[in-house]
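The structure under discussion appears below in the form of structure tokens.
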Amino acid sequence: MPQRLLSFLLPLSLLSWVLLLLSALSHSGAGPWLGSWPEWSTQLTQGLFVLGIFLYYRYKASPLQGQAFVELLRRLVLVPGLLAVACVCLHLLERLAKNEPVFSNNGLFFTSIYTLNLGLFVIFLARTNYAWRALVLFRSTPRLQREWTIFEVLLGATLLLRLVGINPPTYVGIPLVAGLGLFGVYLSGHQKWVAYLSQRDKWRAVLYQAALLGGVLVFVQYFRITQVDPQLIAPQPQYAFLLLTAFFSAFYALMGLLVTFFNLPIADIIEQRRNEILRLQRLTQIIQRGQTTAEVYRILLESAVQTVQADAAWLDLDPSHTTPENVEPTLYFNLDPDKANALRARLKGHDLPEGEFITNDLNFRVGFEGVPQRFRSLLQLPLRGLHFNYGMLYLLKLEPHTFDREDLSILQTFTSQAVLSIENLELVSTSLENQRTQEELKISFQVQDSLIPKNLPTDNWFEISSHSLAAKEVGGDFYDFLHLPGRRLAVIIGDVSGKGVTAAFHMAQMKGIFHSLMQENPLAKNERDKFPVPSKFMAQANTALCHCLERSSFITSSLYIIDYEQGGFVFARAGHCHTLYYHALREEVFYFDSAGLGLGIIRNETYEKHIKNQFYDYSPGDVMVIYTDGIVEARGGSGTDEYGEDRLKLRLEESYFQDAEHIKNFILDDLNRFTHGFPIHDDQTLLVIKFKSAQPPPLA
Numbered sequence: 002m003p004q005r006l007l008s009f010l011l012p013l014s015l016l017s018w019v020l021l022l023l024s025a026l027s028h029s030g031a032g033p034w035l036g037s038w039p040e041w042s043t044q045l046t047q048g049l050f051v052l053g054i055f056l057y058y059r060y061k062a063s064p065l066q067g068q069a070f071v072e073l074l075r076r077l078v079l080v081p082g083l084l085a086v087a088c089v090c091l092h093l094l095e096r097l098a099k100n101e102p103v104f105s106n107n108g109l110f111f112t113s114i115y116t117l118n119l120g121l122f123v124i125f126l127a128r129t130n131y132a133w134r135a136l137v138l139f140r141s142t143p144r145l146q147r148e149w150t151i152f153e154v155l156l157g158a159t160l161l162l163r164l165v166g167i168n169p170p171t172y173v174g175i176p177l178v179a180g181l182g183l184f185g186v187y188l189s190g191h192q193k194w195v196a197y198l199s200q201r202d203k204w205r206a207v208l209y210q211a212a213l214l215g216g217v218l219v220f221v222q223y224f225r226i227t228q229v230d231p232q233l234i235a236p237q238p239q240y241a242f243l244l245l246t247a248f249f250s251a252f253y254a255l256m257g258l259l260v261t262f263f264n265l266p267i268a269d270i271i272e273q274r275r276n277e278i279l280r281l282q283r284l285t286q287i288i289q290r291g292q293t294t295a296e297v298y299r300i301l302l303e304s305a306v307q308t309v310q311a312d313a314a315w316l317d318l319d320p321s322h323t324t325p326e327n328v329e330p331t332l333y334f335n336l337d338p339d340k341a342n343a344l345r346a347r348l349k350g351h352d353l354p355e356g357e358f359i360t361n362d363l364n365f366r367v368g369f370e371g372v373p374q375r376f377r378s379l380l381q382l383p384l385r386g387l388h389f390n391y392g393m394l395y396l397l398k399l400e401p402h403t404f405d406r407e408d409l410s411i412l413q414t415f416t417s418q419a420v421l422s423i424e425n426l427e428l429v430s431t432s433l434e435n436q437r438t439q440e441e442l443k444i445s446f447q448v449q450d451s452l453i454p455k456n457l458p459t460d461n462w463f464e465i466s467s468h469s470l471a472a473k474e475v476g477g478d479f480y481d482f483l484h485l486p487g488r489r490l491a492v493i494i495g496d497v498s499g500k501g502v503t504a505a506f507h508m509a510q511m512k513g514i515f516h517s518l519m520q521e522n523p524l525a526k527n528e529r530d531k532f533p534v535p536s537k538f539m540a541q542a543n544t545a546l547c548h549c550l551e552r553s554s555f556i557t558s559s560l561y562i563i564d565y566e567q568g569g570f571v572f573a574r575a576g577h578c579h580t581l582y583y584h585a586l587r588e589e590v591f592y593f594d595s596a597g598l599g600l601g602i603i604r605n606e607t608y609e610k611h612i613k614n615q616f617y618d619y620s621p622g623d624v625m626v627i628y629t630d631g632i633v634e635a636r637g638g639s640g641t642d643e644y645g646e647d648r649l650k651l652r653l654e655e656s657y658f659q660d661a662e663h664i665k666n667f668i669l670d671d672l673n674r675f676t677h678g679f680p681i682h683d684d685q686t687l688l689v690i691k692f693k694s695a696q697p698p699p700l701a
């Protein structure tokens, strides 16, 4: 509907202005060819023109776009302001034409100029009034919008009545106009838009409003002069209408000018607070942009100096809190490090009371007596986080008593945000590091898992069951099997000191050494000498590990070489857990008591003296239980009790008659019941080997 109305109002306004011109020419005698027009025709056509123009601008889209207040005023100066210039030019042309014989008695020329200026003035008033309306109603309440509509209707009715010559009695007209004036004063006091201007924009707004006020006065002066021009017949109602309309337009321009002008003294404060908010927002966005800790400290120092307009400053970072390598321990602003050191020395041992951060005059602070100070005011603010103190910020001013509580409050907000950003950056860094660690652990787990035997050795005369559980993602326990020619099987189990990736790495090294040293020796004279006995293997492994094992690390291990043909085995223990054994013929469960020292503890040729071989003949039904200390040292009960070798021995005594898989599960079920509710604190490995009655076929 408004769009259709706009397309109708513009032609109506143009037509009514043409009719107004013809009516004015008829009444002035400048157009005898027009005949005699009724007296009321001038008021009617002028009323239609004014109504059409004002309604056109009333229903147009708001001239204010967003918060472009100064741009709106600039457009008013360039368009309606130019109309005022055009009015002046036409008036000067009219004055000059009076001196020319051709135009001295030409009413057509003067009447046309007057009517054109009248049209320009009405357009000027309509544009400016509805620009003022957009500014008054900026972020207004519904009540204020209703009040403006009421004022608009009353003012329009009053002006149109004036235009058509209907004047109420004096006792009604004067109070009505006065009431409208007071209502306009009330409405023009709503200038919320001024608060959104910067200092520079306020000065521009003052200049633009002054220019618009000047434009109104130019039009008023023109119509005041032409009112008594003998060559024009301007009806008195028309002049009263124009004067009243100009009054309200000029009054609002004046009120806006005064409000803007009187807001200039506080513009600096508003601008300063605006900058503080922007700096705080900048600090808030640091973590989102992925900036570094060094940039956070630098921006904090710059923002603090600019906010309180400090003459010098420095920022000491707490050495007890680890900072990245690219962060300097102290940042300076307009201050030599030597002068900062001198001030720091005087401040040492003379702390302010808790909760006090401002020194109004350094000349009177304890520790500074007797030496006049260049900087008189000091504000020192700690950077405290949830768990750490990150440092201390020092701000200096030349004059005394120049820091206040408001400065302190803003700086505390800055420092809190900076500390939060630093903590967030550290959390992000830790998270990324943990993510990388998890990826590394995942790879390590996959590598270690590939090193653990999946297919256990099988034969007609023995069975093996195994269990392995790491305390962390990867562990240091290992075991392996290797078939040797001549009906032999090598079985190794070990435990690397420590846990995690390092232990897993050494476990992989030990597995490689095992396979390397147990390969066939082509220079051996007979079948038995082709492979090193366990004690010799341990000595060679100890020598190899000396080149890659840290001084603080060692490995415990046991190596068993089982001879199928001879029905026995030989083993050596390098500091590992004692082997648990069930002897079927004697129906006895016992531990092998053998000496041995861990690999890597002694790193010279004397190591082999600490390793002994032990030979044993097995019988069908015998059971051998090999394990790491994570089994017997598992905690349960009150949290300090250990599972122990005695309990493990009892479980074998209760289950030796079962197969290897059931014996293993029986032991593990008892272990899980014992440790229920307690986390595993060490890697656990368990091997159960049970010899069968069936013997292997003879060699071909």
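The numbering used here puts the first residue of the sequence shown at 2, with every later residue one more than the last. Ideal Cβ placement from N, Cα and C applies to all residues, glycine included.
Cut-off 7 Å between Cβ atoms - residues of its own chain near residue i, not counting five sequence neighbours on either side
i, result
"Trp18", "Phe50, Gly120"
"Ala132", "Pro64, Leu73, Leu77"
"Gly188", "The question names Gly, but residue 188 is Leu in the sequence shown. Contacts found: Val137, Glu148, Trp149, Phe152."
"Gln541", "Leu518, Pro533"
"Pro361", "The sequence given here places Asn at residue 361; Pro does not occur at that position. If we look at Asn361 and ignore the five residues flanking it on each side, its Cβ neighbours are Ser378, Pro401, His402."
"Gly392", "Leu316, Asp317, Leu318, Asp319, Leu384"
"Cys549", "Gln510"
Beta-carbon proximity list for residue i, same chain, < 6 Å, skipping 5 on both sides
i, result
"Ile287", "Because the pLDDT of Ile287 is 49, which lies under 50, any placement of that residue in the model is unreliable, and the number read from its coordinates should be weighed accordingly. Same-chain partners within the cutoff: Val297, Ser422."
"Lys691", "Glu464, Val624, Ala661"
"Leu13", "Gly53"
"Phe404", "Ile359, Ser378, Leu380"
"Gly622", "Ala585"
"Asp564", "Arg489"
Euclidean distance between Cα positions of residue i and residue j
i, j, result
"Ala661", "Gln615", "24 Å"
"Tyr60", "Tyr172", "35 Å"
"Trp194", "Phe70", "7 Å"
"Ala596", "Lys613", "6 Å"
"Gly386", "Gln68", "39 Å"
"Thr308", "Arg406", "13 Å"
"Ser559", "Glu655", "25 Å"
"Asn543", "Ala471", "25 Å"
"Phe555", "His516", "19 Å"
"Arg201", "Gly182", "32 Å"
"Ala509", "Ser469", "15 Å"
"Leu302", "Leu384", "12 Å"
"Asp684", "Thr676", "14 Å"
"Gly215", "Ala127", "16 Å"
"Val590", "Trp462", "21 Å"
"Lys665", "Tyr582", "14 Å"
"Ser498", "Ala504", "7 Å"
"Leu255", "Ala211", "8 Å"
"Lys473", "Asp496", "14 Å"
"Phe538", "Arg587", "32 Å"
"Arg345", "Leu363", "13 Å"
Beta-carbon contacts of residue i that lie in its chain and below 8 Å, excluding the five residues immediately before and after
i, result
"Glu740", "The displayed coordinates of the chain run from 2 to 701. Any statement about residue 740 would go beyond what the structure contains."
"Ile603", "Asn543, His611"
"Tyr197", "Gln68, Phe70"
"Tyr209", "Val71, Leu74, Arg75, Leu77, Val78"
"His579", "Tyr592, Phe593, Asp594, Ser595, Glu646"
"Pro523", "Residue confidence is low: Pro523 scores 44 on pLDDT, short of 50, so the model does not pin down where it sits. No coordinate-derived value is stated."
Distance between beta carbons of residue j and residue i, contact taken as under 8 Å
i, j, result
"Ile494", "Thr641", "Contact doesn't hold; Cβ gap of about 27 Å is too wide."
"Thr629", "Asp478", "5 Å"
"Leu651", "Ile632", "Rounded, the Cβ-Cβ distance is 14 Å, inconsistent with contact."
"Phe122", "Phe220", "5 Å"
At 3 residues or longer, and completely inside the region 578-631: list those beta strand (DSSP E) runs for me, N to C. If only complete runs of 3 or more residues are kept, the region 578-631 shows the beta strand (DSSP E) at 581-584, 589-592, 614-618, 624-628, in order along the chain.
Mind listing, in chain order, the continuous alpha helix (DSSP H) runs of no fewer than 4 residues lying wholly within the region 646-697? Runs of the alpha helix (DSSP H) inside the region 646-697: 661-675.
Which runs of the alpha helix (DSSP H), 4 residues or longer, sit entirely within the region 489-577? Counting whole runs of 4 or more residues, the region 489-577 contains the alpha helix (DSSP H) stretches 501-518, 535-546.
Answer yes if the region 600-614 comes into contact with the region 666-680, meaning at least three C-beta pairs across the two stretches below 8 Å, and no otherwise. By the Cβ rule, the region 666-680 does not count as touching the region 600-614, because fewer than three pairs are nearer than 8 Å.
Inter-stretch contact (C-beta, 8 Å, three-pair minimum) for the region 83-92 and the region 153-160: Verdict: no, contact absent.
Where are the beta strand (DSSP E) runs, 3 residues long or more, that stay fully inside the region 303-337, in chain order? Listed in chain order, they are 313-318, 331-334.
Can you list, in chain order, the stretches of the alpha helix (DSSP H) that have 4 or more residues and sit fully within the region 151-221? The qualifying runs are 171-189.
Please give the ranges of any beta strand (DSSP E) in the region 360-446, keeping only runs that are unbroken, at least 3 residues long and fully inside the region. Complete beta strand (DSSP E) runs here, min 3: 378-385, 390-398.
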